[in-house]
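Participant: Right, I'll just put the structure down here and ask away after.
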Amino acid sequence: MRRKLAAGNWKMNGLRADLEQLRSLCAAKGGEDTDILICPPALLIAEAAALCRGHSIHIGGQDCHMARSGAHTGDVSAAMLKDAGATAVILGHSERRADRGETNDIVQDKARAAQNAGLMAIICVGESLEERENQATLDVIRQQIAASVPEGVTGDNTVIAYEPCWAIGTGLTASPEQIGEVHDFIRALLEDRFGSDKGQSVRLLYGGSVKPDNASQIFAVPNVDGALVGGASLKASDFLPIIKALDDAAKPS
Ligand code: PEP
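Quick note: the sequence shown, position 10, residue 171 per the numbering used here, numbers continuous.
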């Protein structure tokens, strides 16, 4: 049984005062069956991790460098995230692929660095609108999984997030059929490469305008083990109903 995971990506949003939202999450959080992860900006990680200590809410980074340390001005290593209290890191988000030219190879090196530091890597993949319109979605996903995901994958050290670029921050969501097709495809790729047990153990998240009002429909899709949520993770009042929808989906019907 894969545990459900609700992961929030705050992106470049949030000042120290916004940690109030985390306090509200800690106070309200109910779900036994759902893991909760918030990835705030790097500067807030240590304070967020301290605040969540003793509560079952984990804190993660939004990126890391592939090197353990060295002359890389402005960068943060996986070991530094871990040292600050993070347990996970988002890698290869489409905004970093687009804004920073991150290639699949770079993402794979970063995922290896995360593994070595003992962080769970959330590796993001997803097609552009043009690729979907050209019926290239599955080819793109195949390439991204093959080249971004390192060897040594387990259900503990790796999560894959399927995030169609055209659905991120746009209010557009992929349909349950579109999500199901890609998640089943990713599951098959992982089983093929890492064997059935490991391939089955890796959690697959959907990301792209997940909101309280569409979460249940998305979580009903087979092979959807949770969500990577941007905008709706910034306020506890939006994120809590999404966690609740995931808790409900985890209950035996
Ligand atoms: C994301 O940042 O990964 C994301 C899916 O954003 P949003 O939920 O705002 O579309």
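Don't be surprised by glycine CBs; every beta carbon is placed ideally from N, CA and C.
Give the single residue among 410, 400, 413, 414 whose Cα lies nearest to the Cα of residue 197.
Facilitator: On the sequence shown, residue 197 is found 36 positions in, with the first residue counted as 1. Per the Cα distances, 400.
Participant: Please go through the same chain and pick out, in chain order, the residues whose beta-carbon is closer than 7 Å to the beta-carbon of residue 287, but skip the five residues on each side of it.
Facilitator: The residue you call residue 287 lines up with position 126 of the sequence shown. Cβ neighbours of residue 287 beyond the five flanking positions: 255, 323, 324, 325, 326.
Participant: In angstroms, rounded to a whole number, what distance separates the CA positions of residue 387 and residue 408?
Facilitator: As a first step, residue 387 is located in the sequence shown; it is residue number 226 there, counting from the start. As a first step, residue 408 is located in the sequence shown; it is residue number 247 there, counting from the start. So the alpha carbons of these two residues sit roughly 10 Å apart.
Participant: Can you list, in chain order, the residues of its chain whose CB lies under 7 Å from that of residue 206, leaving out five sequence neighbours each side?
Facilitator: Here residue 206 corresponds to residue number 45 of the sequence shown, with the count starting at 1. Excluding residues within five positions, the ones whose Cβ falls inside 7 Å are 220, 222, 242, 245, 246, 247.
Participant: Please report the distance separating the alpha-carbon of residue 232 from that of residue 239.
Facilitator: Here the question's residue 232 lines up with position 71 in the sequence shown. Here the question's residue 239 lines up with position 78 in the sequence shown. Computed Cα separation, rounded: 15 Å.
Participant: Give me the Cα-Cα distance between residue 314 and residue 226, rounded to the nearest whole angstrom.
Facilitator: As a first step, residue 314 must be located in the sequence shown, where it is residue number 153. As a first step, residue 226 must be located in the sequence shown, where it is residue number 65. So the alpha carbons of these two residues sit roughly 19 Å apart.
Participant: Let me check one thing: in DSSP terms, what residues is residue 196 bridge-paired to?
Facilitator: Walking along the sequence shown from the start, residue 196 turns up at place 35. Note: residue 196 sits in a beta bridge opposite 166.
Participant: Determine, using beta carbons only, whether residue 252 and residue 284 come nearer to each other than 7 Å.
Facilitator: Within the sequence shown, numbered from 1, the residue matching residue 252 stands at position 91. Within the sequence shown, numbered from 1, the residue matching residue 284 stands at position 123. Yes, the Cβ-Cβ distance between residue 252 and residue 284 is below 7 Å.
Participant: For a quick check, are the C-beta atoms of residue 168 and residue 389 less than 7 Å apart?
Facilitator: To locate residue 168, count along the sequence shown from 1; it is residue 7. To locate residue 389, count along the sequence shown from 1; it is residue 228. Against a cut-off of 7 Å, the Cβ pair of residue 389 and residue 168 comes out as a contact.
Participant: Pick helix, strand or coil for residue 343, following the three-state DSSP scheme.
Facilitator: Residue 343 sits at position 182 when you count from the first residue of the sequence shown. Residue state, collapsed to three classes: helix.
Participant: Kindly indicate which three-state DSSP category residue 322 falls into: helix, strand or coil?
Facilitator: As a first step, residue 322 must be located in the sequence shown, where it is residue number 161. In this structure, residue 322 counts as strand in the three-state DSSP scheme.
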